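Inspection log for the structure reproduced underneath, given as C-alpha cells.
2 protein chains.
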Amino acid sequence: MQIAENVTGCTPSNTPSPFQLRELKLALPNALAKSQAKGSKLAPLQFRSLVRNGHYNGTTNGQCPGYLQCNLVVLRKSEAFDFMLFCQRNPQACPLVEVCDVGSPHPPESLAIGADLRTDIPKYSIYKGGVLEKEITDVVKEWPEDSVAFLVGCSFTYDSALLQANIPLRSVEEGKNVPMYRTNIPCCDAGSLKGNMVVSMKPIKGVDVAKEVLLTNKYPHAHGAPVCVGCPQSIGIQDLNNPDWGDAVEIRKDEIPVFHACGVTPQNILIESKVEFAITHAPGHMFVTDRLSDEKVF
Amino acid sequence: MQIAENVTGCTPSNTPSPFQLRELKLALPNALAKSQAKGSKLAPLQFRSLVRNGHYNGTTNGQCPGYLQCNLVVLRKSEAFDFMLFCQRNPQACPLVEVCDVGSPHPPESLAIGADLRTDIPKYSIYKGGVLEKEITDVVKEWPEDSVAFLVGCSFTYDSALLQANIPLRSVEEGKNVPMYRTNIPCCDAGSLKGNMVVSMKPIKGVDVAKEVLLTNKYPHAHGAPVCVGCPQSIGIQDLNNPDWGDAVEIRKDEIPVFHACGVTPQNILIESKVEFAITHAPGHMFVTDRLSDEKVF
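Top line first, the protein sequences correspond to chains A and B.
Sequence positions in the first sequence follow this note's numbering and run 2 to 299.
Sequence positions in the second sequence follow this note's numbering and run 2 to 299.
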C-alpha cells in the first residue's frame with residue numbers, strides 16, 4: 002500500500018531501493034489499474050514497467066506529460082566516437098542527454114530509476130549496413146557486448162508545456178504518430194557519418210507561432226526552436242501528406258506547418274552512412290525518463 | 002570643425018549647449034554633405050535637422066539604423082486620459098515611450114536633444130472627427146495649446162538588429178514604405194476609444210522565422226514578437242497586395258508573411274472612435290530619437 006502510493010507520486014528524488022523495485026513490479030498492475038480508472042496520467046516509472054512487461058508498444062507522444070523523453074541510438078564501440086562527434090557538431094538535431102558506459106544498457110539512476118534500455122522502450126529498430134532489418138519490442142538478444150548507448154533529447158519533451166500554453170497537438174488529438182520528413186538541410190559531417198536533417202512537423206495557428214518559438218527555444222536539450230516555419234519546399238519537403246516516418250495530420254486554414262529538428266536524424270545518418278550495426282528506438286517510440294522537462298530549462 | 006565632428010559622433014550622452022545647437026545648425030549642411038559623400042549613415046540629430054529644414058520628407062525605414070524610432074499621437078488634454086489608458090491596456094500595439102507635458106512639443110532631452118515634434122517628423126497627418134483631413138510636413142500652426150504628445154515605439158527600431166542578423170528588409174530593398182493592414186484583432190477598449198489592431202508585414206524566410214521571433218521579442222518597447230506568422234486570412238487580411246497603408250512588397254517562394262503589431266493602430270483607433278482632433282505622424286514617417294534601440298532591451 003505504502004509502495005503503491007510511492008509509485009503514483011514518483012519523482013526523480015524518490016529513489017526506491019532494489020527491494021522496493023521488486024515490490025513495485027508486483028504492485029504495479031494494481032497501481033496502474035487504479036490510476037487509469039481515475040483517468041490520471043502515468044508516472045515514468047510506471048510507464049516503463051508497463052512497456053517492459055509487454056503491456057504497451059505504442060508511440061509516446063502525450064505520454065507522461067512534463068517528463069523528458071529521449072531518442073535511443075546504440076552502436077558498437079568502434080563507431081561510438083564518430084557518433085559522439087556528430088552530436089557535438091549538430092546539437093540542434095542531436096542534443097545529447099546521456100551516454101551509457103561501454104556494454105551497459107543502464108542509464109544513470111538520476112535519469113531513470115532501475116531502467117533497462119533493452120526492454121523499456123515500446124518499439125526498437127534494428128539497422129544492418131544502413132538498412133532497416135526489423136522492428137521489435139525488446140532487444141535483449143540483439144544488444145552487443147561492446148555497446149555504447151546514446152540518449153538524445155526529443156521534442157515530445159515540451160508537449161506538456163505547449164498544451165499548458167493552449168497550443169494543441171494535432172498528432173495527439175488524432176491519436177497518431179507525429180509526421181517526420183527528410184530535408185535538404187545538411188548536418189555537419191563527423192568522421193564516417195554524414196547526411197541531412199530530419200524534421201518533425203506540428204500544425205500551429207499563425208497567431209500562436211511566436212509563442213511556440215519562444216517556448217520551444219527554452220528547451221535546447223529537446224531540439225529547441227523550429228528550424229523552419231511554413232515554406233516546406235524551401236527545406237526540400239515536397240508533399241506534407243507523405244511523411245517519411247509517422248503519420249500525416251490535418252493542417253487547418255488558420256494554421257501553418259512548423260518544423261523542428263527531429264531525433265530521427267541519427268537514423269537517417271545511420272542509413273545514409275551505411276553504418277554496419279545499430280539499434281535505435283522506432284520513430285515516435287521514445288524512452289521516457291524520470292527527469293522533468295523543465296529541469297535543464299534556462 | 003570641432004562641432005561638425007561632434008555631430009557625426011552624436012550619442013545621447015553628448016548634450017550640446019544651446020550655443021552649440023545654434024552652431025550646429027550652421028555647420029550641418031557641410032557635415033551632411035561630408036557624411037553623405039562618404040556614404041555614411043546619418044546620426045539622429047543630423048537627420049532631425051535635415052527634416053526640420055525641409056530637406057527630407059520621406060519614410061524613415063532604414064534611416065539612422067540602431068536608434069529608437071517613434072510613432073506620434075497628439076491629442077487635446079480632454080482626450081489624453083483615455084488614450085493613455087488605451088496604451089496601458091494595449092502595450093503590444095501601443096508601447097508608450099514618452100509623454101510630453103501639456104502644451105509642450107518638446108520630448109525630454111534624454112530622448113532627443115533639442116527636438117521639436119512640430120517640425121522634426123518628415124510628414125504628419127491631421128485628423129478631424131476621425132477623418133484624415135490632410136498630410137503636411139510641419140504642424141506649427143496646427144499644434145493645440147492644450148496638446149498632449151504621445152510617443153509610441155515603432156518596429157523600425159529593430160531594423161538594424163534584423164539586418165545584422167542577416168535578415169533582409171524587403172521594403173528597404175525595394176525603396177518602399179512598409180505594407181500595413183487593418184486586422185480583425187480587437188484592442189482592449191479604453192473610455193471612448195476602441196477598434197482593431199493594425200499590423201505591419203515583413204516577408205521572412207521560413208528558415209529565419211524562429212530567429213526573427215527571438216530577436217524581435219527582445220524589443221517589447223517596439224511591438225516585440227510577431228502577432229501572426231502566415232495565415233493572413235485568420236487575422237482578417239484578405240489581400241496582401243492591397244495594404245491599407247504603405248506599399249505592397251514581393252513575397253518570395255521561400256518566405257512567409259510575418260505580421261507585427263504596428264504603431265498605426267492608434268490612427269485606426271482615432272478613426273474608428275471618431276476623435277474630434279488629432280495630429281499623428283504619417284504612416285511610415287517616424288520621429289527618430291537619440292536613444293539606442295537596445296537601450297531598453299532586456
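Where is the CB? At the ideal position from N, CA and C, for every residue including glycine.
Being a predicted model, the structure only gives us computed values, none of them experimental.
Inter-residue CB distance, Cys155(A) and Cys71(A) (contact presumed, cutoff 8 Å): About 6 Å separates the two Cβ atoms, so the contact holds.
Tell whether a beta-carbon distance below 8 Å holds between Pro300(B) and Pro123(B). Because residue 300(B) is not part of the residues shown, which for chain B are 2 to 299, the question remains open.
Identify whether Lys129(B) lies in helix, strand or coil by the three-state DSSP scheme. The three-state secondary structure of Lys129(B), taken from DSSP, is strand.
Limits of the unbroken beta strand (DSSP E) element including Lys78(B): Looking at the DSSP string, Lys78(B) is not in any beta strand (DSSP E); the run it does join, the alpha helix (DSSP H), is Lys78 to Arg90.
Out of Pro233(A), Cys65(A), Phe87(A) and Asp121(A), which has the shortest C-alpha to C-alpha gap to Pro180(A)? Residue nearest to Pro180(A) within the set Pro233(A), Cys65(A), Phe87(A) and Asp121(A) is Pro233(A) (criterion: CA-CA distance).
What is the residue span of the beta strand (DSSP E) that Phe300(A) lies within? With chain A covering 2 to 299 only, the question about residue 300(A) has no answer from this structure.
Check whether the region 279-299 of chain A and the region 185-196 of chain A are in contact - that is, three or more C-beta pairs closer than 8 Å. No contact exists between the region 279-299 of chain A and the region 185-196 of chain A.
Cα separation between Glu143(B) and Gln89(B)? CA-CA distance, Glu143(B) to Gln89(B), rounds to 27 Å.
Report the residue ranges of all beta strand (DSSP E) runs contained in full by the region 155-187 of chain A; include only those spanning at least 3 residues, in chain order. Fully enclosed beta strand (DSSP E) runs of 3 or longer: 181-187.
Is Asn91(B) close to chain A, meaning its C-beta is less than 8 Å from at least one C-beta of that chain? For Asn91(B), not one C-beta of chain A is nearer than 8 Å to its own C-beta.
Ala226(A): contacting residues in chain B (beta-carbon distance under 7 Å): What Ala226(A) touches in chain B: Ala211 and Leu215.
Distance, Ala150(A) Cα to Arg49(A) Cα: Rounded to whole angstroms, Arg49(A) and Ala150(A) show a C-alpha spacing of 17 Å.
Mark Glu80(A) as exposed unless 16 or more other C-beta atoms lie within 10 angstroms of its C-beta, in which case mark it buried. Glu80(A) is buried by the Cβ-count criterion.
In this structure, what does DSSP give as the bridge partners for Ala150(B)? Partner(s): Val75(B).
Per the contact definition of three or more C-beta pairs closer than 8 Å, is the region 192-208 of chain B in contact with the region 243-262 of chain B? Touching, yes, given that three or more Cβ pairs across the two stretches are closer than 8 Å.
Is Arg292(A) helix, strand or coil when you go by DSSP? Of the three classes helix, strand and coil, the one that applies to Arg292(A) here is strand, per DSSP.
Bridge partners - Val230(B), DSSP secondary structure assignment: For Val230(B), which the question treats as bridged, DSSP gives the partners Val259(B).
Whole angstroms is fine: what's the gap from Ile270(B)'s alpha carbon to Ala283(B)'s? Each residue's Cα considered, the two are about 15 Å apart.
If we call anything under 8 Å between Cβ atoms a contact, is Gly196(A) one with Glu277(A)? Not closer than 8 Å, so no.
Determine the DSSP secondary structure at His286(A), reduced to helix, strand or coil. Of the three classes helix, strand and coil, the one that applies to His286(A) here is coil, per DSSP.
Own chain, CB closer than 7 Å to Glu146(A), minus 5 neighbours either side, in chain order: Non-local beta-carbon contacts of Glu146(A) in its own chain, meaning distances under 7 Å to residues more than five positions away in sequence, involve Gly104 in chain order.
Classify Ala44(B) as helix, strand or coil using the three-state DSSP reduction. If DSSP states are grouped into helix, strand and coil, Ala44(B) belongs with coil.
Less than 7 Å between C-beta atoms, sequence neighbours within five positions excluded: which residues of the same chain meet that for Ser161(A)? Within the same chain, and ignoring the five residues on either side of Ser161(A) in sequence, the residues whose Cβ sits closer than 7 Å to its Cβ are Pro66, Gly67 and Ser294.
Verify the CB distance criterion: does Ile257(A) have a CB-CB separation below 8 Å to chain E? The chain labelled as chain E is not found among the protein chains of the depicted structure, namely A and B.
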